[in-house]
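Under numbering that gives the first Met the number 0, think of the first position of the sequence shown as 0, with each following residue one higher.
Notes follow once the structure below has been shown.
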Amino acid sequence: MRFGIHVPKQGSFTATARYADDIGCETIQIFSGNPMAWQIGTLNPEDRDGFVRIKKGADIDPVLIHTPYLINIASPEQRLRELSTGTLVDAMVRASNLESGPVIVHAGNHKGMGVAAGINAAHSMIERVLAFSPPEVTLAIENSAGMGTAIGVSLDELAEIVGPFSAERVGILLDTAHLWAVGYDLRQPDEVDRLIDDVRRGPGLERLWAVHANDSLKELGARRDVHAMWTDGRMGMRAMRNLIRCPELQGLPIIFEVPGETAEFDRVRLSSMKGRDRRYGRRPVRSASV
Ligand SMILES: [Zn+2]
Ligand SMILES: [Zn+2]
């Protein structure tokens, strides 16, 4: 496995890569731009070069590019669909410029149209986005926590969303807090087995490209999404250990999305996951949610 964090944007992309290298990331996730805006902002060529040089030198790979939360690939509204498509294409272009990817997007909400119509809407948007994006950039759909009118809640729904597209171009990302929210009790080894079976029977293991390793403050199956550190969530380190031991997940990027508050904390968190430091969990930290 390759361990990393969602790196909060430092002053520049270059500084972000340097921070990731400093704390020992083997992989990272960054936002394509401001997560709460449709506009992606400019990318200065020198900053781009600095980012690429450092991430290559430090072997930080892959670099996941998370898209803004405003995007809804299943939206029934024409205006939102236009904005979402444009912002998603911008993120794909940004990933290409940064020699990065996959681009990560949430599965979206059907807003009352029903799951089947939502999945159809997602298909047409993904098709357009791929057509207007650099051909080497890949796209991964993140599973939902099951709130409101979300699609992509079950592995079967994710399979339907990605089904029409090449497994080389469109994959999935699983967030452990969202899996917990829809009833996978990852503290139990046989529940991890059930998850892997569902992936295999649904989208297929070859489509599973990355994991967001978040704990949750809410109870199992609550369909609520409040991320937590592994030290103070409901799943705890037992679930984390089950994931680390799961043979089917070996080689995948594992991203901690909950911010560690200090660089030193993140350094310890990563090295303990890599088995080189046993301090994780002993350091008092406040919970955080994203
Ligand atoms: Zn996530
Ligand atoms: Zn979440």
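Cβ coordinates follow ideal geometry from the N, Cα and C atoms, glycine included.
Since this is a predicted model, take the numbers as computed values, not measurements.
Exercise for the section: Return yes when the Cβ of G170 is within less than 8 Å of the Cβ of R200, no when it is not. Expected result: Counting from 1 along the sequence shown, the entry for residue 200 is found at position 201. Counting from 1 along the sequence shown, the entry for residue 170 is found at position 171. For the pair R200 and G170, the CB atoms are not nearer than the 8 Å cut-off.
Problem - In DSSP terms, what V210 is bridged to - result: As a working mapping, residue 210 is identified with position 211 in the sequence shown. DSSP lists L173 and I253 as partners of V210.
Handout entry: Coil, strand or helix - S215 by DSSP
Key = Here residue 215 is taken as the residue at index 216 of the sequence shown, counted from 1. DSSP places S215 within a strand segment (E or B) once states are collapsed to three.
Handout entry: Contact test: D174 Cβ vs ligand 1 heavy atom, cutoff 7 Å
Key = By 1-based counting over the sequence shown, the position of residue 174 is 175. It does: the Cβ of D174 is within 7 Å (strictly closer) of some heavy atom of ligand 1.
Handout entry: From G250, W179 and A90, residue whose alpha carbon lies closest to that of L63
Key = The residue given as residue 63 occupies position 64 in the sequence shown. That would be A90, whose Cα lies nearest to the Cα of L63.
Exercise for the section: With Q77 as the anchor, note down where its alpha helix (DSSP H) starts and where it stops. Expected result: Against the sequence shown, residue 77 aligns to sequence position 78. Where Q77 is concerned, the enclosing alpha helix (DSSP H) stretches over Q77 to N96.
Handout entry: Of the residues E98, D214, F30 and G151, the one placed nearest P133, counting alpha carbons only
Key = Against the sequence shown, residue 133 aligns to sequence position 134. Ranked by Cα distance from P133, the first of E98, D214, F30 and G151 is E98.
Handout entry: Reduced DSSP category for A180 - H, G, I as helix; E, B as strand; rest coil
Key = Reading the sequence shown from its first residue, position 181 is the one you call residue 180. The answer is helix: DSSP assigns A180 an H, G or I state.
Problem - T148 beta carbon less than 8 Å from that of G111 - result: Mapped onto the sequence shown, residue 111 falls at position 112. Mapped onto the sequence shown, residue 148 falls at position 149. It is a contact, given that the beta carbons lie within the stated cut-off.
Practice task
Look at the alpha carbon of C24 and the alpha carbon of R93, and state the distance between them as a whole number of angstroms.
Solution key: Counting from 1 along the sequence shown, the entry for residue 24 is found at position 25. Counting from 1 along the sequence shown, the entry for residue 93 is found at position 94. Computed Cα separation, rounded: 21 Å.
Practice task
Please determine, among T13, G100 and V152, the residue with the shortest C-alpha to C-alpha distance to N43.
Solution key: Mapped onto the sequence shown, residue 43 falls at position 44. The shortest Cα separation from N43 among T13, G100 and V152 belongs to T13.
Problem - Closest by C-alpha distance to I160, when choosing among L178, T84, D189 and A115 - result: Numbered from 1 along the sequence shown, position 161 holds the residue referred to as residue 160. The shortest C-alpha separation from I160 is found at A115.
Handout entry: Contacts around P283, its chain only, beta-carbon distance under 6 Å, and the 5 residues preceding and following it disregarded
Key = By 1-based counting over the sequence shown, the position of residue 283 is 284. Because the pLDDT at P283 is just 40, under 50, the model does not fix this residue reliably, and the value given afterwards should be weighed accordingly. Result list for P283: empty, nothing under 6 Å.
Practice task
Return the residue from the list A144, T15, S95 and I59 that minimises the CA-CA distance to D214.
Solution key: Within the sequence shown, the letter at position 215 stands for residue 214. Nearest to D214 by alpha-carbon distance, out of A144, T15, S95 and I59, is A144.
Problem - Distance, E81 Cα to I4 Cα - result: Within the sequence shown, the letter at position 5 stands for residue 4. Within the sequence shown, the letter at position 82 stands for residue 81. A direct Cα-Cα distance of roughly 31 Å separates I4 from E81.
Problem - Cβ-Cβ distance between E330 and H105 below 8 Å - result: Absent from the model: residue 330. The displayed extent of the chain is 0 to 289, so no value can be given.
Exercise for the section: With DSSP as the reference, label L157 as helix, strand or coil. Expected result: The count along the sequence shown starts at 1 and reaches residue 157 at position 158. In the structure shown, the three-state DSSP call for L157 is helix.
Exercise for the section: Give me whichever residues DSSP pairs with G3 in a beta bridge. Expected result: Residue mapping note: residue 3 aligns to position 4 of the sequence shown, counting from 1. According to DSSP, G3 bridges with T26 and I254.
Handout entry: For V291, the three-state DSSP class (helix, strand or coil)
Key = The structure shown does not extend to residue 291, since the chain spans only 0 to 289, so no value can be given for it.
Problem - Inter-residue Cα distance where the pair is R17 and S11 - result: Stepping through the sequence shown from its first residue, residue 17 is reached at position 18. Stepping through the sequence shown from its first residue, residue 11 is reached at position 12. Spanning the two alpha carbons is a distance of roughly 10 Å.
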